[in-house]
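Notes to accompany the following structure.
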Amino acid sequence: MLGVYFSGTGNTRHCIEVFVKELDKLAKCISIEDEEVIEKIDKNNFIVLGYPIYYSNSPKIVRDFILDNKESFKGKKIFIITTMGLFSGDGTGCSARLLTKYGAEIIGGLHLKMPDCIGDVKLLKKTLEENKNLVEQADEKIKKSSNSLKNGKATQDGLGIACHLVGLFGQRLWFYGKTKSYTDELKINLEKCNGCGSCVRLCPMGNLSMKNGQSISGQKCTMCYRCISNCPQQAITLIGKEVYEQCKIEKYI
Ligand SMILES: Cc1cc2nc3c(=O)[nH]c(=O)nc-3n(C[C@H](O)[C@H](O)[C@H](O)COP(=O)(O)O)c2cc1C
Ligand code: SF4
Ligand code: SF4
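So, in structure tokens, the structure goes:
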């Protein structure tokens with residue numbers, strides 16, 4: 001078994017690690033950003049795949065990863081975990097349909113409510129205590145789901161037709177333009193940027209670079225909020241105009 005995940009601010013990494021450890025203490029987890037990930041997928045028949053939900057869809061970086069490596073998923077048994085702030089409908093279903101098309105067998109799904117990672121929108125913000133409670137509840141749900149899997153009754157969150165309809169009509173259709181491709185809407189406040197280069201090193205897309213000692217953004221942002229959550233100057237925004245919270249799993253566990 002192998003845990004494979006994409007995680008912008010750490011929620012999904014945490015959930016995959018807890019789930020996989022419940023099933024097999026020796027099994028490893030690896031990010032899709034790791035250069036050894038395909039080699040490791042090729043050596044494992046059972047994959048636990050995890051990603052966050054963006055606008056009731058899977059992140060573009062995850063869809064591209066599946067597409068680029070479809071041969072490696074052929075014939076694999078896959079359990080899908082998605083993390084979300086509020087709601088997704090068929091978060092797991094989005095990639096389950098894709099993976100099934102490429103010859104994988106989906107054995108189950110799990111939806112987990114975690115702290116919202118959109119640090120530049122005030123509306124959805126919770127207190128530290130509330131976020132810690134959310135993570136505890138998610139950990140409990142993970143334990144129950146992994147036990148069900150051990151007993152041969154894998155949870156099926158997000159995989160049925162009803163979930164598909166809710167995800168599609170409840171949200172994805174209205175926001176499809178947001179997740180269809182990468183975005184060029186990331187903003188860097190050059191009055192605040194001190195040129196530390198941290199965002200450039202952290203970006204999973206190589207979307208950021210340094211020019212004249214300051215960071216500039218390209219057109220291939222997958223909206224993961226990692227740079228926004230780690231910039232020491234709070235100089236980066238995407239959906240909103242001001243950083244209210246820098247969301248990282250380390251704060252909640
Ligand atoms: C661009 C964007 C869109 C999001 N859309 C949704 C959404 O539609 N529904 C939801 O419940 N959470 C949504 N979220 C919240 C994340 O899914 C959630 O915080 C997730 O646990 C982050 O995981 P990570 O820390 O592994 O990146 C969104 C987050 C981002 C950055
Ligand atoms: S992390 Fe912030 S301060 Fe550092 S280079 Fe990037 S934008 Fe500038
Ligand atoms: S620019 Fe920032 S938000 Fe966009 S993909 Fe890179 S790290 Fe993530």
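Under UniProt numbering, think of the first position of the sequence shown as 1, with each following residue one higher.
We put the CB at the ideal spot given by N, CA and C, even for glycine.
Item to check | Of the residues Thr183, Glu39, Asn11 and Glu129, the one placed nearest Leu2, counting alpha carbons only | outcome: For Leu2, the nearest C-alpha among the options comes from Glu39.
Checklist entry - In chain order, what residues of the same chain have a beta carbon less than 7 Å from the beta carbon of Ile16, not counting five sequence neighbours either side? => result Gly3, Tyr5, Cys29, Val48, Gly50 and Ile81, listed in sequence order.
Checklist entry - Rounded to whole angstroms, how far is the Cβ of Tyr182 from the Cβ of Lys220, which I believe are closer than 8 Å? => result The distance from the Cβ of Tyr182 to that of Lys220 is about 4 Å, consistent with a contact at the 8 Å cut-off.
Next on the checklist: Whether or not the stretch 87-99 and the stretch 117-125 are in contact is what I'm after, with contact meaning three or more pairs of Cβ atoms, one per stretch, closer than 8 Å; do they touch?
Outcome noted: These segments do not touch.
Checklist entry - From Lys180, Ser146 and Phe87, pick the residue whose C-alpha is nearest to that of Cys163; which is it? => result For Cys163, the nearest C-alpha among the options comes from Phe87.
Checklist entry - Considering only the beta carbon of each residue, do Ser146 and Glu22 sit closer than 8 Å? => result With respect to the 8 Å criterion, Ser146 and Glu22 are classified as neighbours on the basis of their beta carbons.
Item to check | Whether Met223 touches Tyr54 by CB criterion (8 Å) | outcome: Yes; because the gap between Cβ atoms is below 8 Å, this pair is in contact.
Item to check | CB of Gly8 within 8 Å of CB of Arg172, strictly | outcome: In this structure, Arg172 does not lie closer than 8 Å to Gly8 by Cβ.
Checklist entry - Cα-Cα, which of Leu123, Gly109, Val166 and Glu105 is closest to Thr83? => result That would be Gly109, whose Cα lies nearest to the Cα of Thr83.
Checklist entry - Hey, which unbroken runs of the alpha helix (DSSP H) at 4 residues or more fall wholly within the stretch 119-158? => result Taken in chain order, the complete alpha helix (DSSP H) segments of 4 residues or longer contained in the stretch 119-158 are 128-150.
Checklist entry - Are the Cβ atoms of Lys125 and Tyr252 separated by less than 8 Å? => result Not closer than 8 Å, so no.
Item to check | Rounded distance between the beta-carbons of Met114 and Asn11, thought under 8 Å | outcome: Confirmed, Cβ separation roughly 4 Å.
Checklist entry - Is residue 255 near ligand 2, judged by its Cβ being under 7 Å from some heavy atom? => result Any question about residue 255 goes unanswered here, given that the chain covers just 1 to 253.
Next on the checklist: Can you find the residues in the same chain that come closer than 8 Å, C-beta to C-beta, to Val192, ignoring five residues on each side of it along the sequence?
Outcome noted: The residue asked about is misnamed: residue 192 is Lys in this sequence, not Val. Excluding sequence neighbours, Lys192 sits near Gln233, Gln234 and Ala235.
Checklist entry - With 16 other CB atoms within 10 Å as the buried threshold, where does Asn212 fall? => result Exposed.
Next on the checklist: Spatial neighbours of His111 within its chain, please: C-beta separation below 7 Å, excluding the five flanking residues on both sides.
Outcome noted: Sequence-distant partners of His111 (beyond 5 residues in either direction) whose C-beta falls short of 7 Å from its own C-beta, in its chain, are Thr82, Met84, Ser88, Gly91, Thr92, Asp157 and Gly158.
Checklist entry - Whose CA, out of Leu186, Ile107, Thr237 and Cys231, lies closest to the CA of Lys150? => result Measuring C-alpha to C-alpha distances from Lys150 to each of Leu186, Ile107, Thr237 and Cys231 identifies Ile107 as the nearest.
Item to check | Residues near Lys187 by beta carbon distance below 6 Å, same chain, minus five either side | outcome: Cβ within range, chain order: Thr237.
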